[in-house]
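Visitor: Chains as they are written, first to last, in full-length UniProt numbering: chain A, 1 to 159; chain B, 1 to 159; chain C, 1 to 159; chain D, 1 to 159; chain E, 1 to 159; chain F, 1 to 159; chain G, 1 to 159; chain H, 1 to 159.
Every residue gets a Cβ at the ideal spot worked out from N, C-alpha and C, and that includes glycine.
Have a look at the structure that comes next, please.
In structure tokens:
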């Protein structure tokens with residue numbers, strides 16, 4: 001992806017979308033004194049260049065009663081089962097992130113649950129997948145930071 | 001947040017927004033045979049009930065050259081330094097998530113970097129924060145899953 | 001259990017029972033200048049509200065020759081065996097506490113035994129349960145504190 | 001405490017007290033067809049022989065909203081601080097048990113708290129004690145067993 | 001073994017034997033101005049009281065080319081195999097000490113070998129015993145102390 | 001020590017001394033049909049060749065009430081303190097063996113004590129030595145083997 | 001370095017140099033039926049393209065008495081000391097490889113020594129460097145493979 | 001190999017070959033004012049004495065795109081499989097070094113790969129070998145030192 005260069009207009013569009021993904025293109029156009037069509041074209045180009053991929057809804061998990069976060073390290077019986085187990089993990093909606101990792105774990109996942117009891121059930125579901133030999137859980141006492149906007153701005157500033 | 005109940009219309013609105021946060025309210029209205037005003041009212045209510053918090057841009061980190069992910073466990077010299085260190089971590093944009101954790105680490109963070117060399121620099125920045133005594137890094141060989149839509153749908157189905 | 005409120009009389013009754021569970025209600029009544037019937041009613045209400053559950057005998061384990069305490073972490077072959085193994089653990093009277101835990105162990109139990117030799121036999125009984133793959137033992141050199149009265153008082157003060 | 005022998009009457013008295021510590025001596029006397037005075041004498045003897053130490057109230061921690069249990073391993077800066085730190089730990093009512101241990105920890109304590117947030121505060125209080133260098137926490141997903149009556153019966157059967 | 005009391009003569013005999021087990025009883029007798037028969041009687045009494053068990057030859061392992069010492073922790077597949085594996089370990093003369101232990105290992109042994117290559121062969125023999133699942137080896141860089149005479153003197157001083 | 005060769009007579013002398021270090025040379029001489037002088041000469045040669053170093057008394061630690069064995073891993077603040085700490089360890093008679101080791105510990109020692117309480121005091125003495133930063137203790141549940149005669153015979157057979 | 005393409009002649013030259021770095025260019029030329037000048041040009045091009053860097057002597061460490069290999073993990077007091085410590089490590093010739101690493105160690109080095117005693121001295125030199133807080137050593141029982149020719153061939157085959 | 005003595009001429013030859021293995025013997029001869037034949041004889045003697053073994057090509061792995069280095073610790077199911085697994089490891093050219101080790105791993109290997117993705121594939125190949133039960137990977141953030149010339153000089157200086 002080496003060569004795509006962002007100009008000043010692109011930067012301003014991106015900053016507004018980072019702040020609020022739902023900002024209508026007409027609002028962006030007005031702020032930047034350009035036509036809405038231009039905004040459209042710019043955004044489409046950035047999508048085609050695979051810079052922007054889409055947008056996602058942000059929930060308030062705390063107010064929804066989902067304030068229990070844990071990271072679970074998974075030991076597999078055989079690495080050849082990696083893909084099979086990953087597919088089973090995808091069936092558990094409380095797993096929002098999954099990695100193949102170095103170090104002592106084969107897989108490493110993040111789960112969101114309502115409370116200790118709920119987390120226990122999610123962990124037991126993972127433990128019961130064929131090919132999983134053992135898991136180790138680390139519980140988050142507080143999610144102090146969950147913010148990609150700083151990274152996005154830093155990436156775009158380099159382009 | 002115990003008592004908020006979602007009806008069928010709410011569910012359909014949420015599903016469309018989960019699929020694409022930028023779907024204009026007029027499109028949603030047309031699909032559901034209701035007025036755009038109704039969509040507005042419904043969404044505002046869900047925002048006021050702190051169910052929806054906002055929306056965020058999704059980047060294609062791979063095509064942007066940021067395909068190195070690592071988790072870093074941080075040991076502090078003293079727990080009383082927790083808040084101070086968290087503030088310093090916020091100054092490093094490559095840290096997208098930070099937790100206070102149980103287990104052997106005091107803090108646990110996720111970083112995104114371009115490559116091994118870049119990751120080393122980010123880790124060294126963490127190590128150089130006052131109050132940080134040591135770090136341990138686990139590197140992701142593959143981010144196999146990073147998807148909150150399954151969880152969102154599962155949460156809304158219960159409401 | 002959110003709403004039960006304790007008044008001053010309740011607090012005084014609880015303090016006397018915490019000090020000595022066997023204090024006769026007539027003694028409590030005399031001290032508080034109320035009728036024994038009132039004490040009865042108050043205590044029953046607190047039992048019905050599931051605040052008080054019962055009372056238990058306290059032994060002097062040291063003078064009984066049971067001064068060897070160990071904590072045993074248990075690794076299971078499969079988490080699906082959790083309930084089965086917990087039932088077997090219940091058959092070993094020297095296990096006084098058992099937890100399903102996060103972290104590296106599946107189960108974590110406290111044992112009281114007479115001495116090293118006796119503890120070895122208890123640990124071997126645990127190791128021989130079907131479904132137990134391995135155990136790790138941590139031995140207490142001194143039980144410096146075993147006192148729930150401070151917690152009880154702290155809980156009641158908040159009510 | 002080698003030589004104290006329990007006879008059949010002693011065993012029956014102990015069984016009734018284990019079942020319910022508050023059983024009045026007159027009830028015990030009636031059941032066993034002996035005088036209340038005899039019960040008194042027997043119990044006092046067992047107290048003097050340091051077999052029975054006292055009795056304690058049992059709360060229903062779940063219904064009181066205290067269903068978060070964790071074990072915290074404590075590393076000290078110097079073992080000479082052991083007694084000092086134990087005294088500070090006694091000031092935290094949520095710590096119900098504390099041990100000096102072998103293995104990697106210097107001290108090992110059990111805490112009861114209301115929830116993750118509350119537990120974090122208790123752990124931070126421990127971390128802030130002078131002489132504590134680090135802590136590691138293991139969270140209980142379920143207290144499957146907390147029962148000393150089986151041990152008591154087993155001990156008395158041998159006497 | 002509580003009651004055996006050593007008098008001054010016993011102490012002097014023991015000190016001379018600790019210094020050199022082969023000291024003839026006639027030499028001891030002469031030094032202490034008692035008869036050789038008295039020395040005999042005293043030593044036999046201490047043997048009968050199970051204080052002294054025997055004597056053992058001390059080799060100079062370094063000059064014999066056996067200066068490689070390692071400690072090997074052994075994980076068993078099942079604790080029920082403990083006695084079987086201990087019997088197999090006894091067939092390996094390079095294992096001079098073996099313990100059943102707490103902590104992460106089931107068994108813990110000390111080996112003396114000629115060099116790295118020789119130690120590898122001994123470790124492989126252990127690994128090949130049925131029921132041994134894994135071993136971990138810690139190598140001694142220097143045996144700085146191997147002396148039981150200080151302990152012996154300390155024990156006898158208390159008697 | 002490469003070249004010392006043992007002949008058949010040497011082997012028979014060694015076997016008798018291994019069995020009982022105190023066997024008088026006259027008894028050995030009689031059994032082997034050689035003069036006591038020859039036995040003397042042979043033994044002196046083996047001592048001069050640094051094959052035999054001496055002999056040591058064997059106590060029955062169990063009957064002496066010293067049946068608590070533990071291994072203690074010691075972390076130093078700085079390796080430069082190794083010799084200083086080794087000298088302090090020598091002042092504690094309950095430490096019978098001490099090694100400089102590879103792996104996670106700097107030093108690794110074996111202790112014999114009377115019971116848990118006694119062991120705690122010995123461990124605290126180690127912890128209080130200047131330069132010791134932390135210790136980890138592994139407790140022996142049973143000393144299943146403590147026998148150097150098998151190794152001695154195996155070494156002599158090769159010579 | 002994406003674009004450098006090797007043709008068949010290059011491959012044959014490389015194979016001969018991998019087999020024996022000291023093969024004279026005239027020998028290579030003769031074998032391949034080309035002029036020595038061509039060999040020179042080809043090799044220089046590969047050097048300029050930074051494919052070949054040079055050549056190194058291979059010693060027989062075993063016959064030189066250097067058959068003790070260990071890997072040493074180094075914990076630093078502060079990461080900011082990394083470069084300083086690396087410079088000190090370079091002064092110790094027995095360290096042949098040094099890495100900045102992820103995981104629990106800050107630095108990870110390979111050492112070659114004559115024997116246990118020699119290795120201990122090298123490790124102590126590392127421990128004594130300012131900024132090094134602790135080391136952990138893993139000893140090689142056998143260097144089963146040390147061969148870069150397979151990798152070289154595999155790399156060149158892809159070009 | 002105890003007795004081979006290097007004289008001054010040998011040292012100078014070795015130094016020049018260490019600096020550049022490909023230095024022609026005629027150049028060496030000219031520099032040292034001796035005949036090329038003498039150089040030949042000296043080098044052959046050092047080869048026969050097994051001091052010099054050969055020479056190897058040095059690649060610039062960075063410019064070849066192979067800048068990802070990792071160390072992989074391998075746990076075997078049974079030590080008896082050691083040789084079998086070592087043979088399989090030899091089939092993977094990215095493994096340049098392999099050791100049988102003490103400590104927690106059975107085998108320990110070094111791998112060179114192009115990037116995270118490539119390394120993952122190499123690690124998965126290792127994991128898929130029969131007899132391998134699990135692996136743990138430590139990634140190098142920087143190869144700060146890879147130099148055997150300092151060791152070579154140090155070895156030769158002692159001869």
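Tell me, please, whether the CB atom of residue 120 of chain F is closer than 7 Å to any CB atom in chain C?
Guide: yes
Visitor: Please identify the residue among C:120, C:89 and C:113 whose C-alpha is closest to the C-alpha of residue 131 of chain C.
Guide: C:89
Visitor: Could you give the DSSP three-state label for residue 151 of chain H: helix, strand or coil?
Guide: In the structure shown, residue 151 of chain H sits in a helix (DSSP, three-state: H, G or I).
Visitor: Is there a Cβ of chain D sitting closer than 7 Å to that of residue 116 of chain A, yes or no?
Guide: Yes, residue 116 of chain A counts as interfacial toward chain D.
Visitor: Looking at residue 99 of chain G and residue 63 of chain H, is the spacing between their C-beta atoms short of 7 Å?
Guide: No. Outside cutoff.
Visitor: Residues of chain G with CB closer than 9 Å to the CB of residue 39 of chain H, please, in chain order.
Guide: Within 9 Å Cβ-Cβ: nothing; residue 39 of chain H doesn't reach chain G, min ~13 Å.
Visitor: If contact is defined by three or more beta carbon pairs under 8 Å, each pair taking one atom from either stretch, is the region 103-114 of chain F in contact with the region 68-84 of chain F?
Guide: yes
Visitor: Tell me whether the region 143-159 of chain F and the region 16-23 of chain G touch, counting them as touching only if at least three CB pairs, one residue from each stretch, are closer than 8 Å.
Guide: no
Visitor: Name the one or two DSSP bridge partners that residue 97 of chain E has.
Guide: E:110 and F:146
Visitor: With DSSP collapsed to three states, give me the class of residue 131 of chain D.
Guide: coil
Visitor: Any beta carbon of chain F sitting closer than 7 Å to that of residue 141 of chain C?
Guide: Yes - at least one Cβ of chain F is within 7 Å of the one on residue 141 of chain C.
Visitor: Under 8 Å between beta-carbons, which chain H residues line up against residue 127 of chain E? List them in chain order, please.
Guide: 78, 79 and 80
Visitor: Leaving aside the five residues before and after residue 44 of chain G along the sequence, list all residues of the same chain whose C-beta is less than 8 Å from its C-beta, in chain order.
Guide: none
Visitor: My guess is that residue 6 of chain G and residue 159 of chain G are in contact by the Cβ rule of under 8 Å, so how many angstroms apart are they, rounded?
Guide: 4 Å
Visitor: Would DSSP call residue 68 of chain H helix, strand or coil?
Guide: strand
Visitor: Whose Cβ in chain I lies nearer than 7 Å to the Cβ of residue 101 of chain F?
Guide: The question asks about chain I, but that chain is absent: this structure's protein chains are A, B, C, D, E, F, G and H.
Visitor: When you check each C-beta in the region 45-67 of chain E against every C-beta of chain C, which residues fall closer than 9 Å?
Guide: none
Visitor: Give a yes or no on whether 7 Å exceeds the smallest Cβ distance from residue 43 of chain G to chain H.
Guide: no
Visitor: So which residues on chain D does residue 153 of chain C lean against when the C-beta distance must stay under 8 Å?
Guide: 93
Visitor: Could you tell me the boundaries of the beta strand (DSSP E) in which residue 9 of chain D lies?
Guide: Note, residue 9 of chain D: premise wrong, no beta strand (DSSP E); alpha helix (DSSP H) at 8-19.
Visitor: Taking only beta-carbon positions, decide if residue 124 of chain H is within less than 7 Å of chain A.
Guide: yes
Visitor: With 16 other CB atoms within 10 Å as the buried threshold, where does residue 93 of chain B fall?
Guide: By the 16-neighbour rule on beta-carbons within 10 angstroms, residue 93 of chain B is buried.
Visitor: Could you check which residue in A:142, A:103, A:123 and A:118 has the C-alpha nearest to that of residue 118 of chain D?
Guide: A:142
Visitor: Could one say the Cβ of residue 148 of chain C lies closer than 7 Å to chain A's Cβ atoms, at least one of them?
Guide: No, residue 148 of chain C lies away from the interface with chain A (no Cβ there is under 7 Å from its Cβ).
Visitor: Closest Cβ-Cβ distance between residue 165 of chain G and chain H: below 7 Å?
Guide: Residue 165 of chain G is absent from the model: chain G starts at 1 and stops at 159.
Visitor: Which stretch, first to last residue, makes up the beta strand (DSSP E) that contains residue 53 of chain F?
Guide: 52-59
Visitor: So residue 97 of chain E contacts chain F; which residues on that side make the cut at Cβ distance below 7 Å?
Guide: Correct list: 145 and 146.
Visitor: Mind checking if residue 205 of chain G is an interface residue toward chain H, Cβ cutoff 7 Å exclusive?
Guide: With chain G covering only 1 through 159, there is no way to say anything about residue 205 of chain G.
Visitor: Could you have a look at residue 136 of chain G and say whether DSSP puts it in helix, strand or coil?
Guide: In the structure shown, residue 136 of chain G sits in a strand (DSSP, three-state: E or B).
Visitor: Among the candidates D:102, D:146, D:95 and D:145, whose CA atom is the shortest distance from the CA of residue 123 of chain D?
Guide: D:95
Visitor: Kindly indicate which three-state DSSP category residue 34 of chain B falls into: helix, strand or coil?
Guide: coil
Visitor: DSSP puts residue 75 of chain C in a beta bridge; with which residues?
Guide: C:134
Visitor: Can you check whether the C-beta of residue 104 of chain A is within less than 7 Å of a C-beta belonging to chain H?
Guide: yes
Visitor: Given a threshold of 16 other Cβ atoms within 10 Å of its Cβ, counted over all protein chains shown, does residue 41 of chain E qualify as buried or as exposed?
Guide: With fewer than 16 other beta carbons inside 10 angstroms of its own, residue 41 of chain E counts as exposed.
Visitor: From the beta carbon of residue 88 of chain B, is the nearest beta carbon of chain A less than 7 Å away?
Guide: no
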